[in-house]
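Chemist: If you count by my numbering, then the sequence shown holds residues 3 to 91, one letter each, in order.
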Amino acid sequence: MHPTEGMPAKLKVVCHAVLACVVCALCTAVASQPTFAQGCAMCYTSAAAAGSGAARALDHAIIVLLAPALLLFISIVVLLVLRARAAAN
Numbered sequence: 003m004h005p006t007e008g009m010p011a012k013l014k015v016v017c018h019a020v021l022a023c024v025v026c027a028l029c030t031a032v033a034s035q036p037t038f039a040q041g042c043a044m045c046y047t048s049a050a051a052a053g054s055g056a057a058r059a060l061d062h063a064i065i066v067l068l069a070p071a072l073l074l075f076i077s078i079v080v081l082l083v084l085r086a087r088a089a090a091n
């Protein structure tokens, strides 16, 4: 059984669009070399020399900056799915 079997046509389109966006994002992340390494040697050196407290602060800063972006992305996807379901009914 296909995961989209029995779904309305508009919801299938939304699911396929979201899947295509996720695949494109993953391909872009995998294809970019700086994703797997520190892009700036000077930034890496200063971050490594800062100590464990600064590393912890950078980890927290990454989470703080990532959380709103993920919340916004998830909210948009949920709204699109709900709108597609409402339009199908």
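Heads up, the beta-carbon is just placed ideally off N, CA and C, and yes, glycines get one too. All values reported here derive from a predicted model rather than from experimental measurement.
State the start and end residues of the unbroken alpha helix (DSSP H) segment that holds Gly-55.
Modeler: Segment 54-90, the alpha helix (DSSP H) holding Gly-55.
Chemist: Please report how far the alpha carbon of Leu-13 lies from the alpha carbon of Val-80, in whole angstroms.
Modeler: Taking the straight line from one Cα to the other gives about 12 Å.
Chemist: Given this structure, state the Cα-to-Cα distance separating Arg-87 from Ala-22, to the nearest angstrom.
Modeler: The straight-line gap from Cα to Cα measures roughly 20 Å.
Chemist: State yes or no: is the C-beta of Leu-82 within less than 8 Å of the C-beta of Val-16?
Modeler: For Leu-82 and Val-16, yes; Cβs fall inside 8 Å.
Chemist: Compare the beta carbon distance of Leu-60 and Ala-49 with 8 Å and say whether it is the shorter of the two.
Modeler: Contact: yes.
Chemist: Would Ala-90 and Pro-10 qualify as a contact pair, given that the criterion is a beta-carbon distance under 8 Å?
Modeler: Yes, these two residues count as a Cβ contact at 8 Å.
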